[in-house]
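So for the sequence shown, my numbering puts the first residue at 1; every next one is plus one.
Where is the CB? At the ideal position from N, CA and C, for every residue including glycine.
Because the structure is a prediction, the values reported are computed rather than measured.
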Amino acid sequence: MRIGISCYPTVGGSGILATRLGLELAKRGNEVHFITYERPVLIQGMDQENVFVHHVSVMEYPLFKYPPYTVALGSEMIRVSQRHDLDLIHVHYAVPHATAALLSRMVTGVPYVVTLHGSDVNIIGNDPSYRPVNAHSIESADAVTAVSKYLAEDAHERLCIKKEISVIPNFVDHETYNAISNHSKNKNRMFVVIHVSNFRPVKRVLDIVEAMGLILKKDKDVQLLLVGDGPERHAAEVMVAEKSLNGHVRFTGFRRDIPSLLKCSNALVLSSESESAPLTLLEGMSSGLPVIATRVGGIPEIVSDGENGLLVSPKSPEEIAEKIITLKGDTQLRNRLGLAARETVLERYTADKVVSMYEQVYRKSMKL
1 MRIGISCYPT VGGSGILATR LGLELAKRGN EVHFITYERP VLIQGMDQEN
51 VFVHHVSVME YPLFKYPPYT VALGSEMIRV SQRHDLDLIH VHYAVPHATA
101 ALLSRMVTGV PYVVTLHGSD VNIIGNDPSY RPVNAHSIES ADAVTAVSKY
151 LAEDAHERLC IKKEISVIPN FVDHETYNAI SNHSKNKNRM FVVIHVSNFR
201 PVKRVLDIVE AMGLILKKDK DVQLLLVGDG PERHAAEVMV AEKSLNGHVR
251 FTGFRRDIPS LLKCSNALVL SSESESAPLT LLEGMSSGLP VIATRVGGIP
301 EIVSDGENGL LVSPKSPEEI AEKIITLKGD TQLRNRLGLA ARETVLERYT
351 ADKVVSMYEQ VYRKSMKL
């Protein structure tokens with residue numbers, strides 16, 4: 001198959017999933033064409049057989065207050081479809097990619113698949129100015145997928161989407177994110193808790209910093225590793241300074257060596273108030289880490305409390321602190337949860353299992 005993939009090229013979840021999916025499809029002999037405004041982060045500085053990148057050019061014109069990216073994207077989809085005889089276009093993040101794909105199909109007849117991500121439903125559902133066109137673009141797709149049951153149900157309810165939405169979960173490279181030496185490390189040094197995100201307010205990074213303040217009143221041998229960058233980083237740095245936590249909280253900024261950082265950690269914590277199916281959670285679980293995550297969105301579809309991880313209430317630094325202290329003091333519990341987490345990934349969230357689900361959707365959309 002010749003597949004066009006359009007996504008945001010950043011390190012957010014939708015861009016990472018789209019890029020990883022494209023690379024896996026290329027490995028299987030498909031011809032993959034990324035259509036976006038710049039080369040996706042995960043493939044910068046690398047070339048892979050069967051992978052091509054096409055840049056969207058946006059015209060700067062004084063008449064336009066905002067550059068018309070949707071029209072430019074749709075035009076590039078048309079050009080790539082015609083020049084490379086694409087069989088299908090797969091868009092990740094409906095805003096604005098689904099509308100551009102609809103415009104492209106009107107000209108070329110090339111079918112398109114939309115994969116919904118969490119922010120799609122929030123943006124379209126909360127802002128009436130986005131809803132009519134984007135909801136129509138999703139409804140008109142040849143197929144729609146979502147990364148969790150929660151997200152599919154939310155889209156049906158809030159966007160009034162009547163079309164069937166196939167649930168296809170995120171996947172992780174279980175060989176890169178592996179569990180080597182996770183169960184014997186850190187015996188004679190700090191207990192390291194890691195958090196990885198884009199530091200948006202929805203991630204509630206401050207809750208984890210607050211939890212660290214509570215933990216250190218009882219146990220000084222704990223360190224927090226905050227990996228990533230974003231709008232809440234400055235507020236987190238201020239809170240760390242105000243609570244005199246500098247020696248126990250480290251900000252790394254954006255890093256490309258996440259697998260190595262996970263191997264150096266003892267537990268992963270997610271404190272989000274809303275999530276559809278976080279890739280970071282799967283990466284930590286694949287690395288054999290016990291995970292602590294909030295009981296929101298699609299997370300309970302992945303984590304069963306007490307079986308392959310621990311769930312806490314959202315906006316509850318006290319619960320986060322309690323679970324971290326519990327894990328630190330119970331090696332047997334850490335090992336059991338970490339092993340079960342790794343097994344969950346191997347059973348349900350590997351590329352071999354998930355990519356074939358997308359290929360089945362593609363064939364159905366192409367009526368093969």
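For residue 332, the enclosing alpha helix (DSSP H) starts and ends at 331 to 348. Counting only unbroken stretches of 3 or more residues, the beta strand (DSSP E) elements lying wholly within the region 126 to 189 are 143 to 146 and 165 to 167, in sequence order. The count of Cβ pairs closer than 8 Å, one atom from the region 22 to 40 and one from the region 111 to 120, stays below three, leaving the stretches out of contact.
Using a Cβ distance threshold of 8 Å, residue 151 and residue 193 do not count as a contacting pair. Secondary structure note for residue 43: it is in no beta strand (DSSP E), with a DSSP letter that is neither H nor E.
Assignment of residue 306 by DSSP, reduced to helix, strand and coil, places it in the coil class. For the pair residue 271 and residue 205, the CB atoms are nearer than the 8 Å cut-off.
Contact holds between the region 281 to 298 and the region 156 to 176, because three or more Cβ pairs, one in each stretch, are under 8 Å apart. The alpha carbon of residue 142 has as its nearest neighbour, out of 232, 178, 179 and 89, the alpha carbon of 89.
About 6 Å separates the beta carbons of residue 302 and residue 281, which is inside the 8 Å limit, making them a contact pair. Taking a contact as a CB-CB distance under 8 Å, the pair residue 197 and residue 228 counts as one, their CB atoms being some 5 Å apart. Within 10 angstroms of the beta-carbon of residue 59 lie fewer than 16 other beta-carbons, which makes it exposed. By alpha-carbon distance to residue 275, the top candidate from 162, 132 and 12 is 12. With respect to residue 98, residue 138 sits close: the two C-beta atoms are nearer than 8 Å.
Contact between residue 291 and residue 268 holds: CB atoms are separated by about 5 Å, below the 8 Å threshold. Around the beta carbon of residue 134, a 10 Å sphere encloses 16 or more other beta carbons of the protein chains shown; the residue is thus reported as buried.
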